[in-house]
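Q:
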Amino acid sequence: MLRFFVSVIVFAALCFAGTDAELLKHADANLKSSSKNDQFKAYDTYKQVYLKALVEGNDKVCKRCLQGIVTSGRMLHIDVDKYSKKLSKYKQAPSKKTVVHRKKKSRTKTASGKNIKLSSQRALESVQWNGGDLVLAFDSPLKAKDVNYFSIQEKKKRRFRYIFDIHSIQTKNHTIKHREIKRIKLGQYKSGTLRLVIESTKKLPLHFKLDNELLVIMLGVKRVKAPLANKPMHAKNKTIVIDPGHGGKDAGAVGYKRYFEKNVVLQIAKKFAEILKKDGYKVYMTRSSDKFISLRQRTAFANRKKADLFISIHANAVPKKNTKKAHGIETYFLSTARSGRAERIAAKENAVDMRGFKGGQKGYLEGMTNRKTIASHKLAIDIQQGILSKMRAHYSDVKDGGVRGGPFWVLVGAQMPSVLVEVGFISHPKEARRLVNRRYQKYFAQSLADGVNRYFSKNP
27 MLRFFVSVIV
37 FAALCFAGTD
47 AELLKHADAN
57 LKSSSKNDQF
67 KAYDTYKQVY
77 LKALVEGNDK
87 VCKRCLQGIV
97 TSGRMLHIDV
107 DKYSKKLSKY
117 KQAPSKKTVV
127 HRKKKSRTKT
137 ASGKNIKLSS
147 QRALESVQWN
157 GGDLVLAFDS
167 PLKAKDVNYF
177 SIQEKKKRRF
187 RYIFDIHSIQ
197 TKNHTIKHRE
207 IKRIKLGQYK
217 SGTLRLVIES
227 TKKLPLHFKL
237 DNELLVIMLG
247 VKRVKAPLAN
257 KPMHAKNKTI
267 VIDPGHGGKD
277 AGAVGYKRYF
287 EKNVVLQIAK
297 KFAEILKKDG
307 YKVYMTRSSD
317 KFISLRQRTA
327 FANRKKADLF
337 ISIHANAVPK
347 KNTKKAHGIE
357 TYFLSTARSG
367 RAERIAAKEN
377 AVDMRGFKGG
387 QKGYLEGMTN
397 RKTIASHKLA
407 IDIQQGILSK
417 MRAHYSDVKD
427 GGVRGGPFWV
437 LVGAQMPSVL
447 VEVGFISHPK
457 EARRLVNRRY
467 QKYFAQSLAD
477 GVNRYFSKNP
């Protein structure tokens with residue numbers, strides 16, 4: 027009770043006190059006193075000034091305060107191990123920075139213009155409101171040790187600050203606003219540490235949670251309403267068949283950590299179908315469960331449904347020696363034009379159904395390539411643009427693999443514009459982790475829908 031009372035007095039004094047130097051001078055004097063009450067005052071003053079210096083980024087004052095916290099804490103038999111560890115880091119830091127020349131590819135610029143090593147850095151990908159919650163999405167999972175949270179509450183000044191230091195970098199600027207919150211600042215505090223400061227004129231019932239790649243901050247404020255999306259005018263009377271590749275006995279590519287292509291593409295396809303239905307399209311799927319369907323049956327199904335578009339969804343893969351190099355998103359349309367890359371991918375996708383086919387494949391393809399080739403090419407371009415536009419808003423490093431023609435048997439015989447989308451390389455460690463992530467899948471599904479809307483807006 028005594029310590030609490032002392033803390034309140036010290037905190038109130040801090041709100042109206044002079045400089046940090048004056049406060050620390052008083053704390054030093056109290057520390058030398060034989061009175062426990064004075065020693066508690068010193069301990070609490072050191073802590074409060076330390077928090078203030080931490081927010082302001084004043085390393086010199088932080089170190090000075092930590093020395094006082096550790097000394098006074100030990101005198102009072104308070105556990106100050108965590109402060110002692112922080113102090114040791116300041117002591118270990120060299121007085122002068124050593125300049126080391128690195129390869130350019132291992133560094134990137136943060137939104138503040140600072141160069142930061144990328145080899146093991148987590149990056150912030152997006153910031154958005156979800157109702158009344160502020161959601162920060164990163165490119166790799168967060169652990170408790172990656173987030174340091176504290177608050178500074180000055181009740182008499184009606185100034186409440188909630189601070190998050192996150193082990194991450196920021197590669198682009200984010201503007202965050204809410205009418206109930208005075209100010210939200212997000213920036214690169216120092217190398218490898220991103221700082222979020224939420225400042226309010228009233229105390230917030232703030233709490234937060236970590237959910238894999240997400241930091242969800244529940245502020246207890248009113249929901250931020252998303253603008254109502256208008257249904258595309260062209261969606262009425264349009265039918266789309268979505269074809270999740272492979273299935274059943276045909277697993278497709280088996281990638282990083284043995285992720286199966288057939289499972290990933292089905293998950294994305296289902297989300298894609300739901301979005302299109304909400305937009306007003308009539309949607310069918312060649313499969314909605316883990317079952318095998320031959321390539322010929324897929325386009326035959328689309329023809330029976332009199333579909334306006336046929337979109338086949340797949341994931342790419344390469345041999346183990348190239349897994350860290352090959353990544354990116356590609357969209358293909360049926361063509362007898364044969365680039366080496368298109369042929370390799372087509373061979374992978376055609377493998378199961380064409381094992382028994384003997385010769386004459388090129389001639390057969392030429393006969394089946396339909397008059398919808400030009401429309402399919404246009405669709406492929408719009409789909410690819412829709413994907414890149416949407417995904418790069420959330421993941422700045424998404425690679426454009428381009429639009430290509432290729433001899434894909436799953437597209438043969440389609441009587442409507444048809445494309446095959448390679449959603450990424452399931453063999454690439456980073457891309458594979460994204461492909462199995464529900465949030466990434468949702469964004470990707472929306473990007474596919476954006477591509478469809480682009481196409482119909484030009485080709486009603």
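For our numbering, add 26 to where a residue sits in the sequence shown, where the first one is 1.
No residue lacks a Cβ here, since even glycine has one placed at the ideal position from N, Cα and C.
All values derive from a computational prediction rather than experimental measurement.
Do Gly99 and Ala53 count as a contact pair if the criterion is CB distance below 8 Å?
A: no
Q: Report yes if the C-beta distance between Ile301 and Thr357 is below 8 Å; otherwise report no.
A: no
Q: Looking at C-alpha atoms only, which residue of Arg205, Arg221 and Lys425 is the closest neighbour of Leu150?
A: Comparing C-alpha distances from Leu150 to each of Arg205, Arg221 and Lys425 shows the shortest one belongs to Arg221.
Q: Going by beta carbon distance, what residues of the same chain come within less than 8 Å of Asn238, once the five residues before and after it are set aside?
A: Pro167, Leu168 and Asn463
Q: Thinking C-beta only, is Ile355 closer than 8 Å to Val309?
A: With contacts defined as CB atoms closer than 8 Å, Val309 and Ile355 fail to qualify as a contacting pair.
Q: In terms of residue numbering, what span does the alpha helix (DSSP H) encompassing Arg10 cover?
A: Any property of residue 10 remains undetermined from this structure, which presents the chain solely from 27 to 486.
Q: Where do the N-terminal and C-terminal ends of the beta strand (DSSP E) with Asp159 fall, by residue?
A: Asp159 to Phe164
Q: Less than 7 Å separating the Cβ of Gly157 from some heavy atom of the ligand FMN?
A: As presented, the structure is devoid of all ligands, the ligand FMN included, so that no description of it is given.
Q: Out of Met259, Thr312 and Ala261, state which residue places its alpha-carbon closest to the alpha-carbon of Gly273.
A: Thr312
Q: By the 10 Å Cβ neighbour count, where 16 or more other Cβ atoms means buried, how is Ile400 classified, buried or exposed?
A: exposed
Q: Excluding the 5 residues preceding and the 5 following Ala368 in the sequence, name in chain order all residues of the same chain whose CB lies nearer than 7 Å to its CB.
A: Residue confidence is low: Ala368 scores 48 on pLDDT, short of 50, so the model does not pin down where it sits. Its coordinate-derived value is still stated next. Tyr358, Arg430, Gly431 and Gly432.
Q: With DSSP collapsed to three states, give me the class of Gly213.
A: Three-state DSSP puts Gly213 in a strand.
Q: Under 7 Å Cβ to Cβ from Ala406, same chain only, skipping five residues before and after it: list those, please.
A: Thr357, Tyr358, Phe359, Val429 and Val445
Q: Per DSSP, which residues does Ile266 bridge with? Please list them.
A: Val309 and Leu335
Q: With 16 other CB atoms within 10 Å as the buried threshold, where does Ser483 fall?
A: exposed
Q: Mapping the DSSP letters down to three states, classify Met508 as helix, strand or coil.
A: Look at the range of the chain in this structure, 27 to 486, and you will see that residue 508 is not part of it.
Q: Please report the distance separating the alpha-carbon of Ser61 from that of Thr97.
A: Rounded to whole angstroms, Ser61 to Thr97 spans 15 Å at the Cα level.
Q: Does the contact criterion of 3 or more C-beta pairs under 8 Å hold for the segment 455-471 versus the segment 170-179?
A: no
Q: I need the straight-line Cα distance from Gly271 to Lys111, nearest angstrom please.
A: Taking the Cα positions, Gly271 is about 53 Å away from Lys111.
Q: Could you say which of Gln179, Lys183 and Asp165 lies nearest to Ile189 if we only look at CA atoms?
A: Gln179
Q: How long is the line joining the alpha carbons of Lys296 and Leu335, rounded to whole angstroms?
A: 16 Å
Q: If you reduce the DSSP assignment to three classes, tell me which class Gly432 lands in.
A: Three-state result, Gly432: strand.
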